[in-house]
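Chains as they are written, first to last, in my numbering: chain L, 1 to 105; chain A, 1001 to 1626; chain C, 2001 to 2488; chain X, 3001 to 3479; chain V, 4001 to 4185. This report refers to the structure that appears directly beneath it.
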Amino acid sequence: MIALLGPEIAWYLGVAAFLFATGAFGVLLRRNPLIVLLSLEIMLNGANLALIGFSRNLGDGGGQIFALAVMAVAASEVVVGLGLVVALNRKRITLDVDRLNTLRG
Amino acid sequence: MVWGAWICLLSPLVAACAITVGGTHLSRRAAGWLATSSCVVAFAGAVASFVGLLTHTASDRQFISTAWTWISGGRYQSGLSVIVDPLSVFMMLIVAGVGGLIVWYSIGYMDGDDEERRYFAYMALFVFSMLLLVQSGNLILLLAGWGMVGLSSYLLIGYWHQRPTAVAAAKKAFVMNAIGDATMALALFLLIQQGNSLEFGVLGGDFSSTVANLVALGLLGGAVAKSAQIPLHTWLPDAMEGPTPVSALIHAATMVTAGVYLIVRTHAIFEQAPKVADVAAGLGAATLLVAGLIALVQVDIKRVIAYSTMSQIGYMFVGAGIGSYPNAMFHLMTHAFFKALLFMTAGIVIHALTDEQDIRKMGGLRQLAPKTYWAFLVGSLALVGIFPFAGFFSKDSILAAAMAKGGAFGYILWAAGLAGTFLTGLYTFRLLFVVFWGEPSAFVREHFHPLGRDVVAFSLAIPVGILGVLSVVGGWIQFSPWWHPVETWLQTVAEPIVSPASWQEWTSIALSLLLGLTGIGVAWAIYGAHRVAVPRIAWAQRTLEHKFYFDEAYDALFYAPAVFLANFLRRGVEQPLIADSGRDLGDDTRDLGGIVARAQTGLVRTYALAIATGVAVLAIVFVIVK
Amino acid sequence: MIPRPHVDWFALAPVNSLLVATGIALLCAVLVPRRGRKGAAGLACALGYAAAFGFAIALYVKSPHPEGVVANAFDRDRLTALATMIVAATGFLTVAVAYRERAREDHTAEYYALLAAAGAGMCFFVGANNLMTLFLALEWFSISLYILCAIDRDRIGGLEAALKYLVIGSFGSAVLLFGSALVYGATGKLDFAGIAAAGAQHDVLLLFGLAMLIAGLSFKASAAPFHQWTPDVYEGAPTPVTGFMAAATKTAALVVMLRVLVTAFPANAHLWTVAVAVISVCSLVIGNFAALVQRGVKRMLAYSSVSQAGFMLIGIAANSSLGGQALLYYLIPYTAMSIGAFAVVAARERELGVPVTFENMAGFGWERPLFGVAMWAFMLGFAGFPLTGGFVGKFYVFSAAYRHGWTWLVIVGVLATLVSLYYYLGLVRAMFMRRTEDLQLAPIGGSPPREALLQTVTVTCLVVTVGSFFAVQPLIDLCRHAVDSLPF
Amino acid sequence: MTTLLICLPLAAALIVWVLPLNPVSAGSLSLLAALAEVGVWIQLVVRYDFSKGGLQFSEQHTWIKDLGVSYHVGVYGFSVWLIGLTVVVLAAAIAYAFWAGRERTRAYMGLMLFLTGAIVGVFTAQDLLLFYAFFEAMLIPLYILVGVWGGPGRLGATLKFVLYTMAGSLLMLAAIIAYGLSQGTFDLVAINPVSSDWLFLGFVAAFAIKAPLFPLHGWLPDAYRESSPEVAAVLSGVVSKAAAYGFLRIAITKFPGPAHDFRVPILALATVSLIYGSLLAFRAPDMRGVVAYSSLAQMGLITMGVFAVNDLGLDGSVLQMVNHGLVSATLFLIVGMIERRTLTGELGRLGGMARGRPALATVLLTAGVIALAVPLSSAFAGEFLILAGIFQRGWGWAVAGAVAIVLAAMYVLRLISAVLHRDVGPAVSESALDLRPAELGVTVPLLVCLLALSVWPAAITQHSFRGDHGAFDVAEQFK
Amino acid sequence: MLIASAGNVLVWMVWIVAAFACLGSGVAVVSFSSPFYSALGLIGNLGSLAVLYLLLSAEFVAAAQVLVYAGAVMVMFLFVIAYIGPRSESPWAGGPSWQAVGAVLASGAVFIEIVVVIGLKASGQLSHSEHVDGTFGTPAYIGRLFLTDHLLAFEITSIVLLVAAVGGVVLGAHSRRSAEEVPSL
C-alpha cells in the first residue's frame, strides 16, 4: 500500500481551482476565438486535476476514468471549435468574438 | 264586471299594437277610428264595471282580479291584477270617456298630419297606460302605469320631433316624471322591507311614524311630479309643445290629475302621516297661487290654460291633503270636463289660425267663430266656478273642507284657495277677452279660415259640444250642502276625514263666487273694456315672466352640475386615469422589455460572464446557507 | 478474465436504434449517389427515431420497477422511457420539418446523421445514472447540435450561432464538470443513488458542486441567467434545428435536472428547491420582458422558450411527485407546440426567403389557414389558454407550487403569463389582423408548393396540443408512473 | 342535453371551418345551427323541472382524477335563463352578420358559433377548472372577432381587452388552484364554502374586470367602439353576464364570509360604476359610447343586486342580466344598422332619422324605453327588484340607484332624440333607407322577447331559485 | 523513515516546480497576445499537469495526457493557427472595460470561493488520503475499469469522438461550390 507523498490533496485542488478560474477568466476576457478555445481547455484541465486529485484522495479509480473521458471530450470540442474557426476564416470574417454580434437584442 | 274592467284596460292596448303592426296597411283615418273605437269599447267596459258594482251592496264593492303573478322576489310577489272598486271605476269612466272624446276630436285636429298613425298609436297607448294606472290592483302596477303614462306623455309631447323645443320639452317632462317615479319606487322599497307586499292593503298596516312619513313622502314625490305641483311643476308649461288634443287629454283631463288619484288611493298612509298630508295640501295651495300669478302674464293661449291646470290641481291637492277625498275626486272629474273643453276650443282656435298660439296676435274671434266663443265661455265660467257651471260645485266644497279642517293651517289654505279664485277669474277672462273680444286683428283677418262641414269639422265639433254640455251639467250630480252621491259612492274606498258644516259651505260658496266675479270684472275692466291700463310693475312682471325663476334655479342647481360633473369625469377621470393609465402601463412594460433585451449584447463574453456570476452567487449562497 | 457486466440491450435499444440510424446515414453520405442521398439518409433517421419511439414504449410497458443497467450507469425506468418517447417523437417530426428545407445539398446525409446522433445523445442523457455518463451524454448531443447549427456553412448567422453556442456551451460544460468533480470529491461516488447515500449533505464541497451542477443543467434548459445563448443560437440555427433544440434539448435537460436533484440531492432539497425557484422566477421575468420587444419570430420564440423553461422549473422546484408529473405533462404539449411553431416559421421562411419577423407574417393566417390556425393554437398554448395542453400544464405546475406552499410562485407565474400574452397574441395579431398588402415583400418563386410534410407535422402538433387538453388523465397517469421511478 | 347545448355550436363551427362552403351556404348553415341551438334550449326549458329546481341535466365525466377535476356540467334554474339569453342573442348576432355579409364568412361564422359554445359552457360548468376553461375560451374567438373585423382602432382595442381580461382571469386561476387544492376537489357543487379573503378577491378581480366595474373598465369603451356591431352586442349583452354569473355562482355562494365583509366596498364600486357609467353615457359623443357606458352602469346595478344577497336582489339581478343582455344587444345591432346607413356614429352628425323611417324609429324607441327601464318593462321589473333588495342592505344604495334611474332616462332620451329627432343631421342622407325586412327579422325577435318578459317577468324571477337552497342559505347567513 | 521523508521532500519539490509551471503556463495561455504563444503555453501546462498526475498515481492518465493532448490536440491547434495565420490581440489595451472588470471579479470570486471551500475541508477528509496499492492508476487497472464499471462511458466516449469527427468533416471540408452564392436559408 502506498501513502500519498508530498503535499496533501488540498494543494492540488488549489492548483485545480486556479486553473479553472484562469481558464474562465480567459473566456471572459479574450476576443480571439482560438485563445478562447485554449482557455476552455485550461478550464477542463483544472477540472481534470480536481478529478484525479479526488480519485487519489478516495483511492477510487472512477475519477481517473472520468478524466480520460473528459480528455476525449475536450479533443472533440477542439475539433469542432477549430472547424468553426476555419469555416469563419474562410468567410473572411475577422477572428474576434466581439465582431460576432449580429445576433443580439 | 271584472271582465268589463279587463276589456276596458286592454282594448286601447290592442288598438295601439294593431296600429303599430298594421303600419301603412292601415289608412290614416282608419287608425283614428280604430283608436277612437277602442276608447269607446273601453268606456263600455267601464260602464259595465260600474253597473256591475251597482248590483253589489256598498260594503261589498271591491274586486281584485289577478291574471298571473307579474313579479316576484323570494316571498314578495305581486300579481298582474286589476282592482274594480268605486274609485277605480270612477276614474275609468272619466279616463275612457273623456279620453274617447279627445281621441275622436283628434281625428279632426290631426287630419293631414304626416304621421297620423303614430299619433293614434301613441294616444291609444296613453289611454291604456292611464287605465292601467287607475285600474292597477297593487302599488307596483300603479307605478308601472305611472311610468307608462310618463312614457306616452313623452312620446306625445315630442310628437313633432323635428321641433327642437318639442323634443326638449318631452325630455324634460320625462325626466321630471322619472324623479317622481324614483321617489315613489323608494317608498315602495320601504314598504317591501316593512310589509313584504305591495297590495293596497299593506298601506293600512301598523307602521312607525318615521316609516309612514317616509312612505308618504315618497308617494307624494311621485304625485307632485306627475301633477306638476311645486317644486316639480316646470315641465307642464313646456309640455304644451305637443299637439293640442294631447294637452287636453294628458295635461289637463287625465294624467296630471293622477297625483290626486294616488293620494286618494293611498290615503291610508297619508292618514298615518298627517304632516306629509299637510305638506301635500300646502304644496297644492302654493301651486294654485303661483300658477295663477304666472298665468297672468303668459301670452301663449295653451300655456295660460296649462297654468290654470296647475292651479286647479292645486285645489285638488288641497282637498286630498286635508282629507276631503270625494271633493278632490269630484273636482278632478269636473275639471276633466271643462279643462278638456277649454283646450279643445283653444285647439279649434289654433287650428283656425293655422297653428298660431300667441294671443297677442289674436282678437275679435267672437265675430268670426261664435260657436267656439260660446264653448270657450262655458269652459271659462266653469273654470272660474260660476254658478251653475261645473266648477262651481266642486271647487267650493274643497274650500269649505279647508275651512272645516280648521286651525291656522286650514284657514291659510282656505284663504289661498279664495285668492286663487280671484286669480282664476282674472287670467281666464283675460284670455277670453284678448282672444275673442275686440276687433279682429290683422293677423286674424289674414289667417282665419272657418271650419268646413266635413268629417274633420264634425269630429272637432261634436266632442266639444258634448264636453260643453258636461261642463254645464256635470257639476250638478253633487251639491254638497244638499246632495252628495259622489261622496257616497266613494265612501267605502276613501272616507273623508273632514266634513264641513253647513255654514262653512255657504260662506265658501258666497266668497268664492264673489271673488271669481271680481276677477272677471277686473279682467273686463282691463282687457275687455280697456277701462284700466294694464298695471306694470317691472320686477313683478319679470319674475312672473320667468315663472319665478324655477327653470333657471333647477338649471343651476341640478342640470348644470350634472353636465359639469359628467364632463369632468370624461376629461378628468376617464381619459387620463382609465384610458391612458392602461396604455402607460403597457408602454412602461415594453420599455422594461427593451432594457432587458439590451442586456443581450450579442457578445459571447458577456454571456459567459452572466454564467460565471450566476455560479458564483449560487455557490456562495449555498455554502453560507447550507 | 475480466468479469464483463451484463448489458441490457433492451434498455439501450432506443439509443442503439438511433446510433444505427446515424451509421446508416453516414454510410449514405459515402455510398448513395447524390440524388438519392437525402431521401435515404432522411428515411434512415426517421426510421431510427420511429424505432426509438417504439422501443421506448415497449420499455415503458416493461419497466415498472426502475433498475440500473450496464454496471448501474444507465437507468432503465419509466422516466427514461417517457422522456425518450418525447425526444424520439420530436426528432421524428424534426426530420419531416427539415426534409424540404431549401439548403445546399452538400451535407444532407451528415445532417440527418447528426440529427440522429443528437437524439441518441439525448435519449442517453435522460437515462444517465451517474455523473460521468451524464457529462458525456451531454457533450455527445451538444457537439452534435453545435455542428447542426453550422451545417449550412454559407450562412454567417449559422456560424456565428454555432461558435457562440460552442464557446458558451463548453463553458457551461466545464462548470458542470467541475461541479461533478466536487461532488465526486465530497462523496466518493459518481452514481446518483450513491451520492444520496453518502450522507454528505452538509459537506461544503458537495454544496459547491451542487450549485455548479444546477448552473450547468439550467444552462442546457436555457433558464435565466444562464440563457443568453438561447436567442442568438435559435435565431442563427436552421429553423428545424431550432425547433429540435427548443423541444428536445429542453426536455432532456429538464428531465435530467429533475432526476439528478431528486435522486442525488434529496437531503439538500431545502437549498435547491429555492435555487430552482429563483432561477425559474428569473427566467419568467427575463424571458417574458425580453420577448416583448422582439421583432423576429424565431427570437421571440427563443425568449418564450426561456420563459417556458421558467414555468417548467416550477414543477422541479416543487420537489414532489405532483411537481414531477407537472413537468412531464407540461413537456408533452410544450414540445408539440415548439416543433409546430417552428414548422410554421419554416413554412413562412421558405415562402419569403428572408428571416421571419412579425411584420412579414402579415396576412399569413389568411393565406395559409392551416398554418395560421395551428400557429394561433400554439401561441394560445404557450400562453396557457384553455383548449390547449399548455393550460393544463400551467395548471399543474401552479398546483405543484401551491401544494409546496409557494403561493408567491404561483402569483409570479400568473403575472408572467399576463405579460407573455402581449407577444404571443401579438403574433396572432400579425398573422390575422394585418393585411397582406402591408407586406412589402414579394414571395420568392411565386406561390410556394403545398408542403405535405410540413402540413402533416403541423397538424400532428396541433392534435397533440389540443388533444392533451382533453386527454389529461391518461397522460397524467403516464407521467405519474414515470415519476414513480424517482424517490419522492 | 347540457353537453348537446355546448357541443352543437362547437361541432357546427368545426363543420363551417372545414367544409369549403361558399359564403351564403356557410352563413345559412351557421344560422341554422344557431337556431337549432335555440330549439335545444327550448327543449331544455320545457324539460327542466322548475318546481324541483336545483341542478338538473347534470353530466359528469372524469377529466383530471388526481386533482378532483371533472367535466361536470349541469343547469340550475337561473342558468336556464342565461343560456337562453346566450343562444338568442348569438342567433341574432349570427343572423345579422349573415345579412350584413362579413368578409371571410366561414371563419367569422365559425368563430361566432365557437363563442356560443364557450359561453354556454360558462353558464353550465359545475367545476371550477372547467368554468375557467370556458371563461377563457370565450376570449379566443373574441380576440379574433374584434381584431380582424373591427374598426380602425381594433388592434389597440383587442390588446387592451385581452390584457385587462386576462389580468383578472389569471388571478382567478391562482385563486381557483388554491381553493380547489385546499378543498381537495374542484367540483363547484361539492366544494365547501371557505372564508379566505384572498381567494375571494382573486375571483372578484376577474369578474370585476369582465363585468366591468369602475375603475377596471378601461377596455370597455374601445372594445365596444371598435368591434363590429354584432360582436359588441355579444360582448355587452352576453359576455359581461359571465362575470355577473360568476359573482352569483361563485363569489357569494362559495365565499359567504368574505362576501359579507367586502360587501360595502364592492357595493361602493358597483354604485360608482352605476353613477359614473350613467354620467359618461350622458356625455358620450357617439352612439356606441352611450350604449357602452350604459352597459357599465347596468353591470354596476346587476352587481349591486347580486351583492345584496337576498331573494329580491338575486331574483332581480338574474332578471336584469337577461334584460340587459337582450336590450343592449338590440341597441348595438340597431347602432350597427344606423352606422351602415350613415357611416358614422357621432351623435352630432345624426338626427331626424325618424321621419320617413317608421320601422327604425319604432325599433329604436322600443329598445330605448326598455333600456331606460320605463315602468312595466322587464328592465323596470329587474331594476325594481334589485333596488328593493339593496334597499334592505341600506337605503343609501337604493337612493343612488334611484338617481341612476333618472340619469338613465337622461342618456337614453338624449340618444333617441339625437338620432331620431330634430333636424336631419349632415350624415343622414335622404337615400338612407328604413330598416329592411331582414334587419327587422333580427331585432324584432329580440324585442318580442323583451316585451314578453315585460308581460311576465315572473317567468324568470319565479323560476330561478326555487328549490335551489344555495343562494338562500347564503342569504340566511346575512341576516 | 529517512527515505520516506526524503521521498516526501523530493515529491514536494517536484510538486512545487510542476505546480508553478502549471500556474504560470495557465496564466500565459490567457494573457499572451498571440495565439501561437498561447498554444505553446498550453503545451507547457499540459506537461506540468502530467507531472502532477504522476504524483497522484495516475500513470495512465498522465501518459494519455501527453500523448493525446500535447501530442494530437496541440498539433491540430498549431496547424490551424498556422493555417489562418497568427493574429495578435492585445487583451489589456484601451484600459479596463466593464467586461474586463467583470471578468476579474467573476473569475476571482469563483477562485476564492473554491479555495475557501477547500480550506474549510482541508482539515477533514482532504487531510488524509487513502492508501492505494501499486496497481492503482496503471494501464491494466484503468483498462479493467473501462471494461467493467465504466463500460458505457468508454463506449460513449468513442461516439463523442465519432460525432466530432463528422463535425470536422462537415465544417472543415472545402465546399464544392463555395463560389456560388446559394440562398442562405
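Positions of the beta carbon are idealized from the N, C-alpha and C atoms, including for glycine.
With respect to the 9 Å criterion, A:Y1427 and A:S1247 are not classified as neighbours on the basis of their beta carbons. Residue-level contact check: C:L2019 touches chain V, since one or more beta carbons of chain V fall below 9 Å from its beta carbon. Cβ contact annotation for A:T1354 (same chain, cutoff 6 Å, sequence separation greater than five): H1447, in chain order.
Residues of the segment 4095 to 4108 of chain V with a C-beta atom less than 7 Å from some C-beta of chain A are Q4099, G4102, A4103, A4106, S4107, listed in chain order. Of all alpha-carbon atoms in X:V3406, X:V3428, X:W3456, X:D3434, the one lying nearest the alpha-carbon of A:F1558 is that of X:V3406.
Look at A:Q1194 here: in three-state DSSP terms it is helix. According to DSSP, residue pairing for A:N1138 in a beta bridge involves A:E1199.
Using a CB distance below 7 Å, the part of the segment 2156 to 2177 of chain C facing chain L consists of I2156, G2157, L2159, E2160, A2161, A2162, L2163, K2164, L2166, V2167, S2170, F2171, A2174, L2177, ordered along the chain. Residue range 3311 to 3342 is occupied by the alpha helix (DSSP H) that includes X:Q3320, with no beta strand (DSSP E) assigned at that position. For X:W3149, the enclosing alpha helix (DSSP H) covers residues 3139 to 3149.
Along the segment 2060 to 2086 of chain C, there is no position whose C-beta sits under 7 Å from a C-beta of chain L. Sequence-distant Cβ neighbours of X:A3174 in its own chain, meaning closer than 8 Å and more than five residues away, are G3202.
Residue-level contact by beta carbon fails for C:T2460 and chain X, as no gap is shorter than 9 Å.
In the DSSP annotation of this structure, the continuous segment of the alpha helix (DSSP H) that includes X:R3106 starts and ends at 3105 to 3124.
In terms of Cβ geometry, A:R1531 and A:W1437 do not form a close pair [threshold 9 Å]. Contacts with chain L at 9 Å (Cβ-Cβ) include V:A4019. Where X:F3247 is concerned, there is no enclosing alpha helix (DSSP H), because DSSP gives it neither an H nor an E. In the DSSP assignment, X:Y3276 falls within the alpha helix (DSSP H) that extends over 3263 to 3283.
Residue nearest to A:S1065 within the set A:R1028, A:I1019, A:L1009 is A:L1009 (criterion: CA-CA distance). If you check each beta-carbon in the segment 2124 to 2152 of chain C against every beta-carbon of chain V, the ones closer than 8 Å belong to F2124, M2132, T2133, L2136, A2137, E2139, W2140, I2143, S2144, Y2146, I2147, A2150, I2151, D2152. By the 16-neighbour rule on beta-carbons within 10 angstroms, A:E1574 is buried. Here DSSP, grouped into helix, strand and coil, assigns X:S3051 to coil. In this chain, the beta strand (DSSP E) harbouring X:E3059 covers 3056 to 3064. When 8 Å is used as the limit between beta carbons, C:V2204 is near these residues of chain V: V4117, L4120, K4121, in chain order. Proximity of the segment 26 to 44 of chain L to the segment 2147 to 2157 of chain C falls short of the contact definition, fewer than three beta-carbon pairs being nearer than 8 Å.
In chain order, A2224 place their CB closer than 6 Å to the CB of C:I2286, counting only its own chain and leaving out the 5 sequence neighbours on each side.
By the Cβ test, the segment 3297 to 3312 of chain X is not in contact with the segment 3433 to 3451 of chain X, since fewer than three Cβ pairs between them sit closer than 8 Å. Within the segment 2011 to 2054 of chain C, the complete alpha helix (DSSP H) runs of at least 4 residues fall at 2013 to 2031. By alpha-carbon distance to C:Y2146, the top candidate from C:L2134, C:F2135, C:A2161, C:K2189 is C:A2161. Scanning its chain for C-beta atoms nearer than 8 Å, with the 5 sequence neighbours on each side dropped, one finds around X:V3239 the residues I3119, M3138, L3142, K3210, in chain order.
Comparing alpha-carbon positions, the option among A:L1341, A:D1278, A:V1498, A:V1299 lying closest to A:G1314 turns out to be A:D1278.
The Cβ of C:A2181 sits closer than 9 Å to at least one Cβ of chain L.
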